[in-house]
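Q: Can you keep this structure in mind? I'll have questions shortly.
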Amino acid sequence: MLYFSRWKAIAVLAVAAIVCLFAVPNFFSPQTVAKWPEWARRHIVLGLDLQGGSHILLEVDANDVRAQKVDQLRDEVRRVLRDAKIGYTGLVTRGDNVEVRIRESSDVSTALSKLRELSVPLGGVLSATGQRTVDVNDAGGGLIRLTVTPAAMTERIRQVVEQTIPIIERRVNELGLVEPTIQRQGIDRILVQVPGLGDPERLLGIIGKTAKLEFRLVDVSASAQDALAQNRAPPDDDLLYENRGGQKTPVLV
38 MLYFSRWKAI AVLAVAAIVC LFAVPNFFSP QTVAKWPEWA RRHIVLGLDL QGGSHILLEV
98 DANDVRAQKV DQLRDEVRRV LRDAKIGYTG LVTRGDNVEV RIRESSDVST ALSKLRELSV
158 PLGGVLSATG QRTVDVNDAG GGLIRLTVTP AAMTERIRQV VEQTIPIIER RVNELGLVEP
218 TIQRQGIDRI LVQVPGLGDP ERLLGIIGKT AKLEFRLVDV SASAQDALAQ NRAPPDDDLL
278 YENRGGQKTP VLV
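Under the working numbering, the first residue of the sequence shown carries the number 38, and numbering increases by one thereafter.
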């Protein structure tokens with residue numbers, strides 16, 4: 038039979054009481070809790086299993102990544118041969134391959150040498166394996182075939198996932214919800230869990246929205262300070278603000 042001293046029993050009961058006090062705000066509405074002192078507003082964050090929410094598993098489009106990688110290799114082949122002033126015909130992509138035919142047989146060895154410079158050791162988590170990004174082979178008859186290696190494809194998909202996670206985090210944080218879970222799952226998937234959000238379509242809309250980048254010229258012929266003082270920008274101009282050293286500075290564009 039277990040025996041606890043009186044002071045130990047009192048300490049256990051005190052800790053249990055404190056934990057229960059932290060859970061009290063969970064039983065009141067947010068409007069009611071907002072009227073309480075700030076130190077009393079803290080509440081226990083319920084996970085997806087307790088309060089429900091949205092659970093989405095995103096998967097990288099491997100076919101699209103593969104197509105972009107092969108197209109990039111084709112453009113690099115074109116650049117290398119042009120820089121080396123080597124004539125070629127029939128530069129095409131076939132699956133994971135890029136094929137190019139060298140016009141003059143005397144240029145084949147030089148073309149192979151130049152194109153093999155495109156094959157570099159893999160970086161990232163696969164850097165220690167000694168694998169390379171591209172296999173370059175002489176298929177005969179002046180035809181050179183370059184193949185993106187499976188390891189290079191895997192590494193590119195990994196990079197896409199790593200680049201996508203911070204973007205998803207910024208967009209999900211716009212919802213103002215607490216404790217979202219955004220993490221890699223496997224090689225090509227991202228798990229997104231947002232407790233308290235019962236509308237997964239809204240979450241998909243935020244995650245899937247397309248970013249827009251706009252370039253505009255700064256109008257140096259007019260004074261942004263004058264436009265700010267008059268509360269009116271010149272015709273065909275907009276008064277915007279840019280961040281300079283933590284301060285917002287007006288500019289005309």
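Idealized CB from N, CA, C, for every residue including glycine.
1) If residue 123 and residue 179 are in contact, beta carbons under 8 Å, what's the gap, nearest whole angstrom?
2) Looking at C-alpha atoms only, which residue of 261, 105, 189 and 97 is the closest neighbour of residue 225?
3) Kindly confirm or deny that the segment 130–138 and the segment 183–201 touch, where touching means at least three C-beta pairs closer than 8 Å.
4) If distances are taken between C-alpha atoms only, which option among 43, 154, 53 and 93 comes closest to residue 239?
5) Could you check if residue 157 is buried or exposed, using at least 16 other CB atoms within 10 Å of its CB as the buried criterion?
6) Using a threshold of 8 Å, state whether the C-beta atoms of residue 155 and residue 168 are closer than that.
7) Work out the CA separation of residue 218 and residue 193 for me, nearest whole Å.
8) If I follow the unbroken beta strand (DSSP E) through residue 285, where does it start and stop?
9) Apply the 10 Å Cβ neighbour rule to residue 176 and answer buried if 16 or more other Cβ atoms are within range, or exposed otherwise.
10) Measuring only the C-alpha atoms, how far is residue 286 from residue 195?
11) Give me, in chain order, the residues of the same chain whose beta-carbon lies closer than 7 Å to that of residue 126; leave out the 5 immediate sequence neighbours on both sides.
12) Need the endpoints of the beta strand (DSSP E) that residue 231 sits in, please.
13) Report all residues from its chain with a CB closer than 7 Å to the CB of residue 198; omit the five preceding and five following residues, and keep chain order.
14) Could you spell out where the beta strand (DSSP E) holding residue 139 opens and where it closes?
15) DSSP puts residue 93 in a beta bridge; with which residues?
16) Compare the C-beta of residue 131 against all C-beta atoms of chain B and say whether one is closer than 8 Å.
17) Within the continuous beta strand (DSSP E) that includes residue 169, where are the two ends?
18) When we look at the beta-carbon of residue 230 and count the other beta-carbons within 10 Å, is it buried (16 or more) or exposed?
19) Starting from the Cα of residue 257, find the closest Cα among 242, 276, 103 and 241 and give me that residue.
20) From residue 261 to residue 270, what does the alpha carbon distance come to, in whole angstroms?
21) Using three-state DSSP, classify residue 99 as helix, strand or coil.
22) Taking 8 Å as the limit between beta carbons, can you name the residues of its chain near residue 202, skipping five residues before and five after?
23) Have a look at the DSSP bridge pairing and note the partners of residue 276.
24) Can you name the start and end residues of the alpha helix (DSSP H) that residue 197 belongs to?
25) Quick check: the Cα distance between residue 108 and residue 118, rounded to an integer number of angstroms?
A: Well, looking at it:
1) With 8 Å as the limit, residue 123 and residue 179 do not qualify as a contact, their Cβ atoms being about 11 Å apart.
2) 97
3) Touching, yes, given that three or more Cβ pairs across the two stretches are closer than 8 Å.
4) 93
5) Exposed, by the Cβ-count rule.
6) no
7) 24 Å
8) 284–289
9) By the 10 Å Cβ count, residue 176 comes out exposed.
10) 39 Å
11) 138 and 140
12) 226–232
13) 97, 221, 225 and 227
14) 134–139
15) Checking the DSSP bridge columns, you'll see residue 93 partnered with 229.
16) You won't find chain B in this structure, because it holds only one protein chain.
17) Segment: none, residue 169 is in no beta strand (DSSP E) and carries neither H nor E.
18) Counting Cβ neighbours within 10 Å, residue 230 comes out buried, since at least 16 surround it.
19) 276
20) 8 Å
21) helix
22) Answer for residue 202: 219, 220, 221 and 227, listed in chain order.
23) Bridge pairing for residue 276: 289 [DSSP].
24) 187–210
25) 16 Å
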